[in-house]
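Participant: Handing you a structure now.
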Amino acid sequence: MTIYTAQRRVQLLELSEDFMSNEPTFQTLHIAAVAFNSLVYGEIVVPDWDMFYSEHYTADFHGSARALGGCAVYVSDQKPYGKRLLKIWNLNKLSGIIGVFNCQTAGKWPPVPGSQYLPPPGSAHSLECHVSPVEFLEKVADKSWNGTCAVYAFHSGSLSTMPKKGSFEVFLGLLKSEIFTILPIRVLGHDIQFAPIGLLDMYNSKGAIEALECNDGEFAYMVKVQVRECGRFGAYSNTKPRFCTVDSKEKHFMYNALASDGLLIINLQGECSFGDIEIIY
Numbered sequence: 001m002t003i004y005t006a007q008r009r010v011q012l013l014e015l016s017e018d019f020m021s022n023e024p025t026f027q028t029l030h031i032a033a034v035a036f037n038s039l040v041y042g043e044i045v046v047p048d049w050d051m052f053y054s055e056h057y058t059a060d061f062h063g064s065a066r067a068l069g070g071c072a073v074y075v076s077d078q079k080p081y082g083k084r085l086l087k088i089w090n091l092n093k094l095s096g097i098i099g100v101f102n103c104q105t106a107g108k109w110p111p112v113p114g115s116q117y118l119p120p121p122g123s124a125h126s127l128e129c130h131v132s133p134v135e136f137l138e139k140v141a142d143k144s145w146n147g148t149c150a151v152y153a154f155h156s157g158s159l160s161t162m163p164k165k166g167s168f169e170v171f172l173g174l175l176k177s178e179i180f181t182i183l184p185i186r187v188l189g190h191d192i193q194f195a196p197i198g199l200l201d202m203y204n205s206k207g208a209i210e211a212l213e214c215n216d217g218e219f220a221y222m223v224k225v226q227v228r229e230c231g232r233f234g235a236y237s238n239t240k241p242r243f244c245t246v247d248s249k250e251k252h253f254m255y256n257a258l259a260s261d262g263l264l265i266i267n268l269q270g271e272c273s274f275g276d277i278e279i280i281y
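Heads up: the sequence shown begins at 1 in my numbering, then just goes up one per residue.
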């Protein structure tokens, strides 16, 4: 069986039968078939060598072949039921985003009409996982970024900081989720730290930010943020700004200097497609 995918720039073709973990005689045939087929098809498509199990007794055999195949390397390891949270990550223009979901006791597939689903005994209703900065975050961060991040949790509304290579625990009940916006912190001067979150009431808060510019002046530091749409704009700041403007007009902002989270909030009201925010220190 072959799968052909045609997109704008990539043509992907599976060049053999599927990886079959329970068939001992298929392991060598799988590698040999893909290798020979790649001689021909590799000139016109990206070969797909299919997935394999990293804990299978032939894992080294399959992994070694894929290291030479010029193909994507992916595994499909089975995870223990009821012990894992689902994590999905992506990148915005200036930040990363991680969604964590408790999908346990979801049911069975294919569904049988009229049948009653009983979750396995002892299946967990509250699970934990670790969240750390997303991969490739340095590609959307400033060149001077030292690895420190601000982390905004959408549902709880909490804001915290995380050091380079740090992580924190997340506990979620059944059918619960949390979305974390991971923000590279920029440093202005010697001690001013800033990271724009975006619109606090959007699931993907940072998706509303179009551009960010930081300027170091002789007597002041200025941050310019271009935002799409209206709502509560939020940012991390370890220092209270002197004043803020929206579309060149001074705007009231909320900042609790006694709080430890460093949350700065500006209400963007009215009907607006774009807003230019300036924050002056």
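Each residue gets a CB set at the ideal place from its N, CA and C atoms; glycine is no exception. Model, not experiment: these values are computed from the prediction.
Grab the span of the alpha helix (DSSP H) containing residue 235 for me, first residue to last.
Facilitator: Numbered from its first residue, the sequence shown carries residue 235 at position 235. Looking at the DSSP string, residue 235 is not in any alpha helix (DSSP H); the run it does join, the beta strand (DSSP E), is 231 to 237.
Participant: Expressed to the nearest angstrom, what Euclidean distance is found between the alpha-carbon atoms of residue 140 and residue 26?
Facilitator: In the sequence shown, counting from the first residue as 1, residue 140 sits at position 140. In the sequence shown, counting from the first residue as 1, residue 26 sits at position 26. One C-alpha to the other measures close to 43 Å.
Participant: What residue range is occupied by the uninterrupted alpha helix (DSSP H) comprising residue 31?
Facilitator: Position 31 of the sequence shown holds residue 31. From DSSP, the alpha helix (DSSP H) with residue 31 extends over 26 to 41.
Participant: Is it true that the CB of residue 264 sits closer than 8 Å to the CB of residue 235?
Facilitator: Taking the first residue of the sequence shown as position 1, residue 235 is located at position 235. Taking the first residue of the sequence shown as position 1, residue 264 is located at position 264. Yes, the pair counts as a contact, with Cβ atoms nearer than the cut-off.
Participant: For residue 242, count the other beta carbons within 10 Å of its own beta carbon; 16 or more makes it buried, fewer makes it exposed. Which is it?
Facilitator: In the sequence shown, counting from the first residue as 1, residue 242 sits at position 242. Exposed is the call here.
Participant: How about residue 153 and residue 169: do their beta carbons lie closer than 8 Å?
Facilitator: Locating residue 153 in the sequence shown gives position 153, counting from the first residue. Locating residue 169 in the sequence shown gives position 169, counting from the first residue. No, the pair does not count as a contact, with Cβ atoms beyond the cut-off.
Participant: According to DSSP, simplified to helix, strand and coil, what is residue 274?
Facilitator: Walking along the sequence shown from the start, residue 274 turns up at place 274. Looking at residue 274 - three-state DSSP - the assignment turns out to be strand.
Participant: Please name the residue in 75, 255, 273 and 21 whose C-alpha comes closest to that of residue 239.
Facilitator: If you number the sequence shown from 1, residue 239 lands on position 239. Of the listed residues, the one whose Cα sits closest to residue 239 is 255.
Participant: Taking Cβ to Cβ, would you say residue 89 is nearer than 8 Å to residue 40?
Facilitator: What you label residue 89 is simply residue 89 of the sequence shown in a count that begins at 1. What you label residue 40 is simply residue 40 of the sequence shown in a count that begins at 1. Cβ distance not < 8 Å, so residue 89 and residue 40 don't count as in contact.
Participant: With C-beta atoms as the reference, is residue 223 less than 8 Å away from residue 214?
Facilitator: In the sequence shown, the residue the question calls residue 223 occupies position 223. In the sequence shown, the residue the question calls residue 214 occupies position 214. For residue 223 and residue 214, yes; Cβs fall inside 8 Å.
Participant: Between the segment 66 to 78 and the segment 187 to 198, do at least 3 Cβ pairs fall closer than 8 Å?
Facilitator: The answer is no - the segment 187 to 198 does not touch the segment 66 to 78, with fewer than three Cβ pairs under 8 Å.
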